[in-house]
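Since the structure comes first, as structure tokens, the remarks are kept for the end.
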Amino acid sequence: MTQKIKAGVVGWPIAHSRSPLIHGAWLETFGIEGSYEKLAIEPGTFQARIRKLVAEGYVGVNVTIPHKEAALAIADERDAASLAIGAANTLVFKDGKIWATNTDAFGFTEYLKSKGRDWAGKRALVIGAGGAARAVLFGLRELGLSHVDLANRTVDKARVLATHFATDTFTITPLALSDIAGFLGKADLVVNTTSLGMVSQPPLEISLEGLKPGALVYDLVYVPLETEFLRKAKALGHETLDGLGMLLHQARPGFEAWFGARPQVTEDLRQRIIDDLKEH
Ligand code: NAP
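Per our numbering, the sequence shown runs over residues 9 to 288.
Laid out in structure tokens, this is it:
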């Protein structure tokens, strides 16, 4: 009898995670004898619990708040994305060793690529300088954009990220949220990486008047799916992308590494998650 392949998602709290729904749908699609569970891991117990999962024969886990930095620290090997971002959201267990990656940048860029534009040499305005912004900056650098204007409430945090991610061919200007208006006309892409606009948070109150015609507007928030920010962008005739696309795409590399099949993000899967978000 072949053994069931076991993976899961670890975090604290973990009840809200949509990852089991995504991976469960793919397991069903491929008819793979596998499982993907929610595993609640209390802060302070991460190391021991992960070692136990390795010993129990799990093939790996997704990692969410508050363990993403601990996940990077526990790994025997780390890829370029996780090192640059400073956090891991996917662990693969093989031959008793732990390999870490961060698939948020992949998810972000894959969904962006679905719009079929060429981003090489283009300019972006990124709002926010937290963990998600780090993944976005890594992704934009990979796509070959030439410049990012990086706005954050705490400008010092934007300065730290600018120093960390800038290269000779990828420059970053840190700025205050209040200075955004002067940069809208130059942006080919605007990305909200703050938690503003998310359910139970205040909206992201930034006027998009004066945004470069044809600029694409991307919001990482996915509850609600259409934020006030995206509504404003649409009303001004801009193409938009929501955070759900990124969430779905970021799950692909982990599934492939654990279960050995390359999953697709389909309209049907997207609808299943939208329905679930509506119910809860
Ligand atoms: P984080 O590290 O806590 O960073 C939060 C960011 O939001 C910081 O830039 C912070 O500014 C800003 N912010 C928070 N409250 C603010 C306020 N009242 N006014 C102005 N700025 C404010 O969080 P994160 O991990 O980056 O996540 C950010 C968002 O991205 C969340 O909504 C998360 O759900 C979403 N996300 C989505 C995906 C996806 O797959 N779609 C993946 C990752 C994250 P300061 O630096 O000044 O505090």
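Virtual Cβ for every residue (Gly too), placed ideally from N, Cα, C. Only a predicted model underlies this, so the values are computations on that prediction, with no experimental measurement involved.
Task: Paired residues, beta bridge with L224 - DSSP - done: L197
Open item on the list: Is the beta carbon of V198 closer than 9 Å to that of L153?
Closed with: no
- [ ] Could you round the C-beta distance between L192 and N160 to whole angstroms and report it? I think they count as a contact, below 8 Å.
- [x] Not a contact, Cβ separation roughly 16 Å.
- [ ] Below 8 Å CB to CB, which residues in the same chain sit around Q209 once its five sequence neighbours on both sides are set aside?
- [x] S203
Open item on the list: Is the beta carbon of L212 closer than 9 Å to that of Y230?
Closed with: no
Task: Ranges of the alpha helix (DSSP H) found wholly within the segment 223-270, counting only runs of at least 4 - done: 236-243, 251-258, 260-267
TODO: Please go through the segment 80-115 and give each complete alpha helix (DSSP H) segment of 4 or more residues, from N-terminal end onward.
DONE: 88-93
Open item on the list: Closest to D126 by C-alpha separation, out of F146, L224, T171, would be which residue?
Closed with: L224
TODO: For the alpha helix (DSSP H) containing H24, list its first residue and its last residue.
DONE: Premise fails: H24 is in no alpha helix (DSSP H) and is neither H nor E.
Task: Nonlocal neighbours in the same chain, by C-beta distance under 6 Å from H155, ignoring five residues either side - done: R131, T179
Task: Spatially closest choice to G147 from T175, A113, G139, by CA coordinates - done: A113
Task: Range of the contiguous alpha helix (DSSP H) that encloses H172 - done: 163-173
Task: Any non-hydrogen atom of the ligand NAP closer than 8 Å to P232 Cβ - done: no
Open item on the list: Counting C-beta neighbours from all protein chains within 10 Å, is the total for E118 16 or more, i.e. buried, or is it exposed?
Closed with: buried
TODO: Go ahead and label K76 buried or exposed: buried means 16 or more other beta carbons lie within 10 angstroms of its beta carbon, across all protein chains shown.
DONE: buried
Task: Identity of the residues DSSP links to A78 by a beta bridge - done: DSSP output for A78 lists no bridge partner at all.
Open item on the list: Only counting the same chain, and skipping five residues up and downstream in sequence, which positions put a Cβ closer than 7 Å to that of G218?
Closed with: A189, L192, G193
Open item on the list: Pairs of beta-carbons, one from the segment 37-52 and one from the segment 94-102, closer than 8 Å: are there three or more?
Closed with: no
Open item on the list: With a threshold of 7 Å on Cβ separation, who are the neighbours of A356 within its own chain once the five nearest residues in sequence on each side are excluded?
Closed with: Beyond the ends of the chain as shown, which are 9 and 288, falls residue 356; an answer cannot be given.
Open item on the list: Quick check on P221: buried or exposed, where buried means 16 or more other Cβ atoms within 10 Å of its Cβ?
Closed with: exposed
- [ ] Starting from the C-beta of W266, find all residues in its chain whose C-beta is less than 8 Å away, skip the five residues before and the five after it, and write them out in chain order.
- [x] I13, A15, G42, V67, G68, V100
TODO: For V17, count neighbouring C-beta atoms within 10 Å of its own C-beta (all shown protein chains included) and say buried if the count is 16 or more, exposed if not.
DONE: buried
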